[in-house]
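Note sheet for the following structure.
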Amino acid sequence: MDRLRAGSVLGAEGYVFELERRGYIKAGPFVPEVVLDFPDAVRELHREFLRAGADVMVALTYYAHREKLRDVGREDDLEAMNRQAVRIAREVAREGDALVAGNVCNTWAYDPDDPATKQTVRAMYAEQLGWAVEEGVDFVISETNDYLGEALIALEVIRELGLPAMVTLAPTQPDQTRDGYRYAEACRILAAEGAQVVGLNCDRGPQTMLPLITDIREAVDCAVAVQPVPYRTDAAAPTMETLRSPDGERAFPIALDPFGCTRFEMAHFALQARELGADYVGICCGAGPHHVRAMAEALGREVPASKYSPSMDLHPMFRADVAAKDAAFLHSWTA
Ligand SMILES: [Zn+2]
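Position one of the sequence shown corresponds to residue 1 (the working numbering), numbered consecutively onward.
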């Protein structure tokens, strides 16, 4: 809360997407088995985001819940996976000045029409976050919530554990949660129930997520989070799930590359988000360290990875004094 009061907090997520691209997570189930199987890969990605300026190391416990682990036959590894994910995040956070966030997400077990599922979801959050608290987290992010009802269960569990809560909704629908609350109204309720940070994450790119933030900012007094995916969503395809290739194929989730935002677009987003009054500015699935560094620098920071930020004035072809023999190359580059 002190950091939020002092200025924007920069978040970096999308661990599952990035580690899938690197060959450590299976697309489809998207379960973070990498935490136990290749902990160094997780450590390295945390470190890359840390060097790029992320203020928070989010433990990779996304989808590390009972329902999902059962799908891949690793239910017995549930506790070890959750504990180790927090330990790795803590270890890297200490290499810099980052906070550690425990993490829970939508469970796919919640059904607003079946009250019995509330207990199932609550038990899943309680065991995951119980382990996270024992390993040591500063706060908890409950994210990609489709239902306000499910988000409220997470919030209740987090509050019972005595931790600050950041709760964000997945804006997959035009203007409301799957249980029928407009996003701003859902955020207002979450704030009233004690969430310290509310907002949106995932699914939408900057262009289609930012317009929703204005209403949320007006609806709450607490801190607002905005963590879009770095993909060029627009009015015709407002979410990454609706993006289509030129031949009509669905691009989500593993053919989104042609829609990727550049680092410059994400830097621009960070500034826009701050102007709209967002406090926790971040990035979700599809994020790379180059995006995060550009966002950090746009927000006026110099970060460890800034040492290697671009210096195109040192490029043989873009420098002021291009050698005559090299200048000829430029004709073919501009043809
Ligand atoms: Zn995401």
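Note that CB positions come from ideal geometry on N, CA and C, so glycine has one too.
- Boundaries of the beta strand (DSSP E) harbouring glutamine 227: 223-227, taken from the DSSP string.
- Ordered by chain, the residues meeting the criterion of a beta-carbon within less than 5 Å of a non-hydrogen atom of ligand 1 are Cys202, Cys284 and Cys285.
- With contacts defined as CB atoms closer than 8 Å, glycine 11 and alanine 59 fail to qualify as a contacting pair.
- Per the coordinates, the alpha-carbon of alanine 327 lies some 7 Å from the alpha-carbon of methionine 317.
- Counting only residues of its own chain and dropping the five nearest sequence neighbours on each side, serine 8 has a CB closer than 7 Å to the CB of Arg274, Asp279, Val281 and Leu299.
- For isoleucine 25, no alpha helix (DSSP H) encloses it, and the DSSP letter there is neither H nor E.
- If you look at leucine 212, you'll find it in the alpha helix (DSSP H) that goes 206-219.
- Segment contact: the segment 182-201 against the segment 222-232, three or more CB-CB distances shorter than 8 Å; contact assigned.
- Considering only Gly248, Asp179, Ala98 and Lys26, the residue with the shortest C-alpha distance to aspartate 138 is Ala98.
- When DSSP states are grouped into helix, strand and coil, threonine 144 belongs to the strand group.
- Annotation: valine 303 to methionine 295 spans about 11 Å, alpha carbon to alpha carbon.
- Taking C-alpha positions only, cysteine 187 is separated from glycine 199 by approximately 6 Å.
- Take threonine 168, set aside five residues on each side of it, and the residues of its chain with a beta-carbon closer than 6 Å to its own are Glu143, Gly199, Leu200, Asn201 and Ala225, in chain order.
- Around the C-beta of methionine 266, 16 or more other C-beta atoms lie within 10 Å, and the residue is accordingly described as buried.
- In this chain, the beta strand (DSSP E) harbouring asparagine 201 covers 197-201.
- Annotation: the continuous alpha helix (DSSP H) that includes asparagine 82 extends over 78-93.
- Under the criterion of beta carbons closer than 8 Å, aspartate 203 and valine 229 qualify as touching, at roughly 7 Å.
- Distance from the Cα of phenylalanine 17 is smallest, within the candidate group Ala6, Ala165 and Tyr63, for Tyr63.
- DSSP places glycine 102 within a strand segment (E or B) once states are collapsed to three.
- Ranked by Cα distance from arginine 178, the first of Leu19, Gly14 and Trp108 is Trp108.
- The distance from the Cβ of isoleucine 25 to that of glutamate 13 is about 14 Å, inconsistent with a contact at the 8 Å cut-off.
- When C-beta atoms of the segment 73-83 are compared with those of the segment 110-126, fewer than three pairs fall below 8 Å, so the two segments do not count as touching.
- If you look at leucine 169, you'll find it isn't in any alpha helix (DSSP H); it sits in the beta strand (DSSP E) that goes 165-169.
- Here alanine 305 has Arg51, Ala52 and Arg293 as same chain residues with Cβ atoms under 6 Å from its own Cβ, once five neighbours each way along the sequence are excluded.
- Burial state of glutamate 134 is exposed, judged by a 10 Å Cβ sphere holding fewer than 16 other Cβ atoms.
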